[in-house]
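J.: The structure that follows is given in the form of structure tokens.
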Amino acid sequence: MNNANRRTAIIMVCLLLCLILVGCSTTVRGELNNKRIVSIGSVQPDNHPIALGLMEMKKYIEKELGDRFEVRVYLNGVIGGNSETLELLQIGSLDMAVTSGSNLEAFASEYKIFGLPYLFNDEASFRKTMNNEDFVNIIYNSTAEKGIQGVSWFANGVNNFYSSKKIETPEDLKGLKIRVQPSEANVKMVEGFDAAATVLAYNEIYTALQNKVIDIAANPEIALVSMKHGEVAKYYSRTEHQIFTDMFVASTKFLDSLTNEEREVFEEGFKLSTEIANSEWDKQIAETIEEAQKMGVEFVSVDKEPFQEKQKMVKEDLLNAYPELRPLYDKVEEIQN
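Numbering of the sequence shown is given in the numbering used here, commencing with residue 326 and proceeding in unit increments.
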């Protein structure tokens, strides 16, 4: 999107927010019966674990501070996609939003850390690291100068390879076409496996697998059922090569406007949203695996060590290219080992 189109999109979203507020008998300053309206934007649908976490947070804050705040959660991308919501946060037209960690790389290079292959030993190590205040506060504060402050995080699954052929060793990947998202780390990771990186949109994976445009994709288990990838890829190999996070971020303008008492309540609400969302995520993953098995998908356990060995130089090259990531990487190693 060019700058002119982006500005137009932001203006339109701002107008939409005003209309939403006016339509609910509020002023455009975001007040209702002397209560402050707190607006939260997310692209997730109503039944997504993150949406459920946000709604529980809303209930908690309105229970504790209901005489001062009304929390409104706008789901399904109703006020824009990830790029639009982040820009609205920066200008103070939106109070909070959920976005992927990769979308925040444009605001702070610290978020590139999550793209490193085999950064975490496993999902338990990932969650242990994200619950470490010393580590996560560096991540949260990295965008503060841009008007965006991290306040919590959500599990977003473990990336594993899946294909119409069984992947058990790194040699099984050699020469194959692997779908990636457009990032330097993803491309280098695939090249480290002596495979070919193919950049494709998420909604193009099914057809690409079906027509052999790509041989392999990599996503959490949910894609097997929600996107029906399990119909065209019957082997899901637990390589666990990348673990990603969604981030809960807030406008620094909004956070700075809170009293100490209010900030404490909101902080508890942020923690609650993560607890609920991550618990629901785990339930949905378990249900997804059952559904995928009914579709005929075989879940393949692999020895991760040979895969990790192939990525050591890739990881080192990326750390040398972005030296600001080295302290974060060392911190992760300290926490999980």
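The C-beta atom is built at its ideal place from N, Cα and C for all residues, glycine as well.
1) Can you name the start and end residues of the beta strand (DSSP E) that Glu649 belongs to?
2) Count the other CB atoms, across all protein chains shown, that sit within 10 Å of the CB of Ser598; report buried if there are 16 or more and exposed otherwise.
3) Could you tell me if Asp571 is buried or exposed, where buried requires 16 or more neighbouring beta carbons within 10 angstroms of its beta carbon?
4) Judging by CA-CA distance, which residue of Lys388, Asp497 and Phe518 is the nearest neighbour of Ser489?
5) DSSP three-state label for Ile660, please.
6) Identify the continuous alpha helix (DSSP H) that holds Met455 and give its terminal residues.
7) Given Ile614, which residues of its chain have a CB within under 8 Å of its CB, disregarding the five upstream and five downstream residues?
8) Around the C-beta of Met270, are 16 or more other C-beta atoms found within 10 angstroms, so that it is buried, or is it exposed?
9) Which same chain residues end up closer than 7 Å to Met380 when comparing Cβ atoms and leaving out the 5 residues on each side of it in sequence?
10) So which of Ser562, Gly555, Glu658 and Gly482 has the shortest CA-CA distance to Lys608?
11) Answer yes if the region 438-453 comes into contact with the region 509-519, meaning at least three C-beta pairs across the two stretches below 8 Å, and no otherwise.
12) Leaving out five residues on either side along the sequence, give the residues of the same chain with a beta carbon under 6 Å from the beta carbon of Leu653.
13) Where does His373 fall in DSSP's three states?
14) Kindly indicate which residue of Gln415, Ile362 and Asn401 has the alpha-carbon position closest to the one of Asp392.
15) From what residue to what residue does the alpha helix (DSSP H) around Ala602 run?
16) Quick one: give me the first and last residue of the alpha helix (DSSP H) that Gly517 is part of.
17) Reducing DSSP to helix, strand and coil, say where Gly482 ends up.
18) Go ahead and label Tyr527 buried or exposed: buried means 16 or more other beta carbons lie within 10 angstroms of its beta carbon, across all protein chains shown.
19) On the three-state DSSP scale, how would you describe Ala526?
20) When the Cα atoms are used, what is the spatial distance from Arg651 to Leu643?
21) If distances are taken between C-alpha atoms only, which option among Ser582, His554 and Phe445 comes closest to Glu659?
22) List the DSSP bridge partners of Arg504.
23) Which class does Gly440 belong to by DSSP, given the choice of helix, strand or coil?
24) Report yes or no: do the region 530-543 and the region 409-418 share at least 3 C-beta pairs separated by less than 8 Å?
25) For Val524, count neighbouring C-beta atoms within 10 Å of its own C-beta (all shown protein chains included) and say buried if the count is 16 or more, exposed if not.
26) In angstroms with no decimal places, state the Cα-to-Cα distance between Glu586 and Glu448.
27) Which same chain residues end up closer than 7 Å to Asn457 when comparing Cβ atoms and leaving out the 5 residues on each side of it in sequence?
T.: Reading it off the structure:
1) Along the sequence shown, one-based indexing puts residue 649 at 324. Boundaries cannot be given for Glu649, as no beta strand (DSSP E) includes it and DSSP labels it neither H nor E.
2) Working through the sequence shown from its first residue, we reach residue 598 at position 273. It counts as buried.
3) Translated into positions along the sequence shown, residue 571 becomes position 246. Looking at its Cβ environment, which holds 16 or more other Cβ atoms inside 10 Å, Asp571 is buried.
4) Along the sequence shown, read from residue 1 onward, the residue named residue 489 stands at position 164. Checking every option, the nearest Cα to that of Ser489 belongs to Asp497.
5) By 1-based counting over the sequence shown, the position of residue 660 is 335. In the structure shown, Ile660 sits in a helix (DSSP, three-state: H, G or I).
6) Numbered from 1 along the sequence shown, position 130 holds the residue referred to as residue 455. Taken as a continuous stretch (DSSP letters only), the alpha helix (DSSP H) holding Met455 covers Glu448 to Met455.
7) For the purposes of this step, residue 614 is identified with residue 289 of the sequence shown, where counting begins at 1. Cβ within range, chain order: Glu546 and Phe624.
8) A question about residue 270 goes unanswered here, because the residues of the chain that appear run from 326 up to 662.
9) Numbered from 1 along the sequence shown, position 55 holds the residue referred to as residue 380. Answer for Met380: Val398, listed in chain order.
10) Your numbering for residue 608 matches position 283 in the sequence shown. Put simply, of Ser562, Gly555, Glu658 and Gly482 the residue whose alpha carbon is nearest the alpha carbon of Lys608 is Gly482.
11) Cβ pair count under 8 Å is three or more, so yes.
12) Against the sequence shown, residue 653 aligns to sequence position 328. Excluding sequence neighbours, Leu653 sits near Ile438.
13) As a working mapping, residue 373 is identified with position 48 in the sequence shown. His373 carries a coil assignment under DSSP once its states are collapsed to helix, strand and coil.
14) Within the sequence shown, residue 392 is the residue found at index 67, counting from 1. Comparing Cα-Cα distances from Asp392 to each of Gln415, Ile362 and Asn401, the minimum goes to Ile362.
15) Counting from 1 along the sequence shown, the entry for residue 602 is found at position 277. Run containing Ala602: Asn585 to Lys619, per the alpha helix (DSSP H) assignment.
16) If you number the sequence shown from 1, residue 517 lands on position 192. In this chain, the alpha helix (DSSP H) harbouring Gly517 covers Glu509 to Gly517.
17) Working through the sequence shown from its first residue, we reach residue 482 at position 157. Assignment of Gly482 by DSSP, reduced to helix, strand and coil, places it in the strand class.
18) Reading the sequence shown from its first residue, position 202 is the one you call residue 527. Tyr527 counts as exposed, since fewer than 16 other C-beta atoms from the protein chains shown sit within 10 angstroms of its C-beta.
19) Here residue 526 refers to the residue found at position 201 when the sequence shown is read from its first residue. The DSSP-derived three-state label of Ala526 is coil.
20) Position 326 of the sequence shown, counted from the first residue, corresponds to residue 651. Position 318 of the sequence shown, counted from the first residue, corresponds to residue 643. Their Cα atoms are separated by approximately 10 Å.
21) Counting from 1 along the sequence shown, the entry for residue 659 is found at position 334. If we check each option's Cα against that of Glu659, Phe445 comes out closest.
22) Residue 504 sits at position 179 when you count from the first residue of the sequence shown. Under DSSP, Arg504 shares a beta bridge with Thr523.
23) Within the sequence shown, the letter at position 115 stands for residue 440. In the structure shown, Gly440 sits in a helix (DSSP, three-state: H, G or I).
24) Contact between the region 530-543 and the region 409-418 is absent: fewer than three C-beta pairs spanning the two stretches fall below 8 Å.
25) Along the sequence shown, read from residue 1 onward, the residue named residue 524 stands at position 199. By the neighbour-count rule (16 or more Cβ atoms within 10 Å), Val524 is not buried but exposed.
26) By one-based count along the sequence shown, residue 586 stands at place 261. By one-based count along the sequence shown, residue 448 stands at place 123. Each residue's alpha carbon lies about 34 Å from the other.
27) Locating residue 457 in the sequence shown gives position 132, counting from the first residue. Once the five neighbours on either side are set aside, the close Cβ partners of Asn457 are Ile660.
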